[in-house]
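In the working numbering, the protein residues as written are 83 to 802.
Have a look at this one:
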């Protein structure tokens with residue numbers, strides 16, 4: 083495809099290429115490393131000062147020259163909802179011209195450049211619109227963005243079946259001498275464009291191509307329906323539930339409405355009722371899932387793959403379903419004894435609190451593991467929050483990036499109309515010698531109708547333009563943090579702080595993935611590699627040497643005591659094997675569903691068998707958890723990616739940063755070997771370059787299992 087979303091879980095892919103405004107590129111080359119104190123540098127101040135209007139001067143922040151009124155993200159057309167129509171018309175005009183160029187240009191490196199420009203012209207509107215349609219507070223903007231997405235999507239579908247366009251690329255790939263003369267990145271991007279074409283069936287005869295288009299449309303519709311169904315509440319008549327638990331749920335006349343699993347509820351009966359009712363199978367949702375899986379299988383076979391999983395895993399670290407299953411089975415075997423011990427520990431706690439009903443059931447682990455953590459370690463979030471003001475955490479990121487990569491974050495005042503809500507912050511990312519690298523818009527605070535998810539969106543990807551200038555990347559980080567109060571700045575729980583570091587890992591990947599082509603920029607890489615930079619940031623966020631750089635009580639300036647960080651890290655190991663085993667179960671289920679068809683059993687029977695083999699807690703009759711498994715849409719056949727990415731991140735942390743999390747040489751190598759290439763290099767080659775070896779499946783499994791050992795993150799500080 084020309085406008086492909088290589089990583090749907092991170093948000094949209096790529097958007098605007100409108101020129102930089104005057105003054106943007108005039109930012110200096112950064113600043114020296116700043117010492118930690120309670121007097122924040124500009125980035126810390128920008129996030130700890132309560133917004134009092136758009137023009138607030140936040141402690142000497144860098145400002146835009148020639149401030150005026152502009153559209154969203156500085157795109158002049160988008161000062162009003164109608165601008166989306168203007169932007170899409172301009173994109174379509176440019177696309178028509180580029181298609182003509184591609185079909186008339188002799189095969190060569192320029193072919194790839196034109197294809198990339200074509201992709202950029204369409205995606206810069208569609209992907210910006212993808213973000214606006216879910217995040218903008220004004221309905222008119224959301225509706226206009228939705229229409230732009232539909233319009234561009236229709237054009238992309240037509241281009242994906244444009245035989246002349248396909249053949250212009252095919253001529254290049256068929257010329258072996260010409261391909262060998264191309265540099266590695268150009269060759270890979272050409273192959274990726276061809277892969278995107280072929281998985282849409284363009285290489286087939288006309289009848290099969292039409293079937294492929296129909297299947298793609300059907301899959302999109304089924305995916306949308308299935309996603310909606312995963313969140314749809316279930317109802318039960320009130321008289322069927324004990325009256326004393328009614329107040330835990332919302333009501334609708336004579337019915338109780340169950341809209342989730344209530345996994346943290348202290349009452350066992352509430353969790354049990356929620357689990358059995360919320361997961362009660364819906365015939366319509368079951369049919370939708372079955373049709374989705376069958377349609378994916380038919381499409382995969384139509385375009386030349388034995389299973390949908392084989393198609394989905396091409397180009398990933400794992401490469402094949404067989405490798406994924408080998409990874410999951412070996413990991414499961416290594417976890418089995420630890421998981422049993424975790425379940426026994428939870429069962430003892432349940433027996434202690436509820437002797438009448440002590441059998442451990444699937445609705446119990448989240449609650450009882452939390453009780454064990456609370457009893458064993460004093461990790462009440464309210465004890466930590468005062469040390470994690472948002473400004474302090476942003477300053478911590480600034481210090482870390484400065485020491486590791488020579489990068490500083492500067493708050494920049496957006497001009498009127500540039501942001502969609504007044505509390506959105508804009509950061510300039512500046513390298514000490516290379517200057518401005520790109521922009522991060524921080525949409526961090528809760529508001530009505532805002533999606534309740536933490537995610538990263540690429541609004542504009544980096545690429546080398548024909549005039550030699552570099553198109554600077556622009557991204558949005560979306561969180562759901564509490565607002566500051568009159569008496570305190572926004573205070574983060576340890577989990578919120580870790581999520582902030584995680585999402586900023588994606589942002590740095592976007593800033594530093596400075597590829598020649600936007601098609602492979604930043605996070606536009608295989609799913610099982612794309613989470614590596616973000617998960618690696620979690621290791622930094624859990625290291626006391628890093629935390630000590632910024633965690634200060636917002637009132638007293640007192641540093642966060644070392645023993646509190648140590649307890650927090652150790653608490654995360656409690657029942658962690660059982661949690662990892664649960665992820666193995668989910669990932670295995672995903673592989674089986676997208677493996678050989680027809681499936682040997684119903685999806686529910688497969689769930690039951692897989693749960694018994696790969697998890698251990700009993701299947702509950704008349705439940706169908708798979709019908710709530712929303713990741714089957716965005717991560718179909720790739721849910722294992724979270725575990726694989728964590729394994730790689732663990733190895734990178736232990737071998738490169740554990741001894742010194744501020745090691746500049748290791749930071750530069752990390753940028754050079756892993757971040758700089760985006761998706762322009764095979765992921766395993768990037769991993770090998772960083773680790774200086776070729777890791778095996780056993781290495782990946784060993785890294786994950788060793789993370790479960792107590793004191794892995796804290797033995798250094800405890801020995802000081």
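No residue lacks a Cβ here, since even glycine has one placed at the ideal position from N, Cα and C.
So residue i is in the beta strand (DSSP E); what residue range does that whole segment cover?
{"i": "residue 526", "result": "517 to 527"}
{"i": "residue 560", "result": "556 to 563"}
{"i": "residue 493", "result": "489 to 495"}
{"i": "residue 657", "result": "It is not in any beta strand (DSSP E) - residue 657 carries neither H nor E in the DSSP assignment."}
{"i": "residue 334", "result": "332 to 334"}
{"i": "residue 259", "result": "Careful: residue 259 lies outside any beta strand (DSSP E), inside the alpha helix (DSSP H) at 258 to 263."}
{"i": "residue 513", "result": "507 to 513"}
{"i": "residue 541", "result": "537 to 542"}
{"i": "residue 337", "result": "337 to 340"}
Between the options, which has its C-alpha nearest residue i's C-alpha?
{"i": "residue 350", "options": "364, 384 and 446", "result": "446"}
{"i": "residue 515", "options": "501, 505, 489 and 535", "result": "489"}
{"i": "residue 182", "options": "241, 530, 513 and 129", "result": "241"}
{"i": "residue 189", "options": "606, 506, 246 and 252", "result": "252"}
{"i": "residue 317", "options": "440, 239, 424 and 337", "result": "337"}
{"i": "residue 464", "options": "575, 477, 681 and 497", "result": "575"}
{"i": "residue 419", "options": "364, 432, 663 and 678", "result": "663"}
{"i": "residue 307", "options": "371, 246, 270 and 428", "result": "371"}
{"i": "residue 323", "options": "771, 353 and 303", "result": "353"}
{"i": "residue 293", "options": "658, 268, 305 and 243", "result": "243"}
{"i": "residue 304", "options": "715, 399 and 781", "result": "715"}
{"i": "residue 236", "options": "302, 597 and 276", "result": "302"}
{"i": "residue 404", "options": "722, 167, 217 and 683", "result": "722"}
{"i": "residue 331", "options": "313, 312, 314 and 356", "result": "356"}
{"i": "residue 730", "options": "673, 553, 789 and 175", "result": "789"}
Go ahead and label residue i buried or exposed: buried means 16 or more other beta carbons lie within 10 angstroms of its beta carbon, across all protein chains shown.
{"i": "residue 282", "result": "buried"}
{"i": "residue 310", "result": "exposed"}
{"i": "residue 652", "result": "buried"}
{"i": "residue 61", "result": "What the structure shows of the chain is the stretch from 83 to 802, and residue 61 is not part of that stretch, so it cannot be assessed."}
{"i": "residue 460", "result": "exposed"}
{"i": "residue 778", "result": "exposed"}
{"i": "residue 140", "result": "In this prediction, residue 140 has a pLDDT of 35, which is less than 50 and means its spatial position is unreliable; nothing more can be read from the coordinates."}
{"i": "residue 329", "result": "exposed"}
{"i": "residue 530", "result": "exposed"}
{"i": "residue 792", "result": "exposed"}
{"i": "residue 203", "result": "buried"}
{"i": "residue 571", "result": "buried"}
{"i": "residue 534", "result": "exposed"}
{"i": "residue 577", "result": "exposed"}
{"i": "residue 147", "result": "Confidence in residue 147 is poor, its pLDDT being 37 and thus under 50, which makes the residue's placement unreliable; the coordinate value appears in the next sentence. With fewer than 16 other Cβ atoms within 10 Å, it is exposed."}
{"i": "residue 500", "result": "buried"}
{"i": "residue 623", "result": "buried"}
{"i": "residue 451", "result": "buried"}
{"i": "residue 123", "result": "Residue placement at residue 123 is flagged as unreliable, the pLDDT there being 49, under the threshold of 50; a coordinate-derived value is accordingly withheld."}
{"i": "residue 258", "result": "exposed"}
For the alpha helix (DSSP H) that contains residue i, what are its first and last residues?
{"i": "residue 193", "result": "191 to 217"}
{"i": "residue 176", "result": "165 to 186"}
{"i": "residue 129", "result": "124 to 130"}
{"i": "residue 162", "result": "Where residue 162 is concerned, there is no enclosing alpha helix (DSSP H), given that its DSSP letter is neither H nor E."}
{"i": "residue 276", "result": "266 to 280"}
Just checking: is the beta-carbon of residue i within a distance shorter than 7 Å of some beta-carbon in chain C?
{"i": "residue 217", "result": "Chain labels in this structure do not include chain C; a single protein chain is all it has."}
Quick check: does the Cβ of residue i come within less than 6 Å of any heavy atom belonging to the ligand COA?
{"i": "residue 407", "result": "Because no ligand of any kind appears in the structure shown, any question about the ligand COA cannot be addressed here."}
Which runs of the alpha helix (DSSP H) spanning at least 4 residues fall entirely within the region 284 to 330, listed in chain order?
288 to 313
Three or more beta-carbon pairs under 8 Å between the region 457 to 470 and the region 623 to 642, yes or no?
yes
Counting Cβ pairs closer than 8 Å, one from the region 647 to 655 and one from the region 339 to 353, do we hit at least three?
no
Mind listing, in chain order, the continuous alpha helix (DSSP H) runs of no fewer than 4 residues lying wholly within the region 368 to 423?
390 to 394
Count the CB pairs spanning the region 496 to 504 and the region 605 to 618 that are closer than 8 Å, and state whether there are at least three.
no
Which residue spans inside the region 694 to 766 form an unbroken alpha helix (DSSP H) run of at least 4?
713 to 716, 723 to 734 and 746 to 752
In chain order, which beta strand (DSSP E) runs of at least 3 residues are fully inside the region 613 to 685?
none
Could you tell me whether the region 613 to 627 touches the region 585 to 597, where touching means 3 or more Cβ pairs closer than 8 Å?
yes
On the three-pair Cβ rule with 8 Å, is the region 189 to 201 touching the region 247 to 263?
yes
Using 8 Å as the cut-off, can you tell me whether the region 698 to 714 makes contact with the region 384 to 393, which would need three or more C-beta pairs spanning the two stretches below that distance?
no
Counting Cβ pairs closer than 8 Å, one from the region 192 to 201 and one from the region 589 to 607, do we hit at least three?
Result yes; three or more Cβ-Cβ pairs closer than 8 Å.
Could you tell me whether the region 709 to 719 touches the region 356 to 374, using the rule of 3 or more Cβ pairs below 8 Å?
yes
I want to know whether the region 672 to 679 touches the region 375 to 386 - three or more CB-CB distances under 8 Å.
yes
Please give me, in chain order, every unbroken run of the alpha helix (DSSP H) with length at least 4 that falls completely inside the region 447 to 495.
As far as the region 447 to 495 is concerned, its whole alpha helix (DSSP H) runs of at least 4 residues are 447 to 458, 463 to 466 and 472 to 487.
So, does the region 515 to 525 touch the region 554 to 569, judging by three or more C-beta pairs under 8 Å?
yes
For the region 580 to 607, list the alpha helix (DSSP H) runs that are entirely contained and at least 4 residues long, ordered along the chain.
Listed in chain order, there is nothing to give.
With contact counted as at least three CB pairs below 8 Å, one residue from each stretch, are the region 728 to 738 and the region 765 to 785 in contact?
yes
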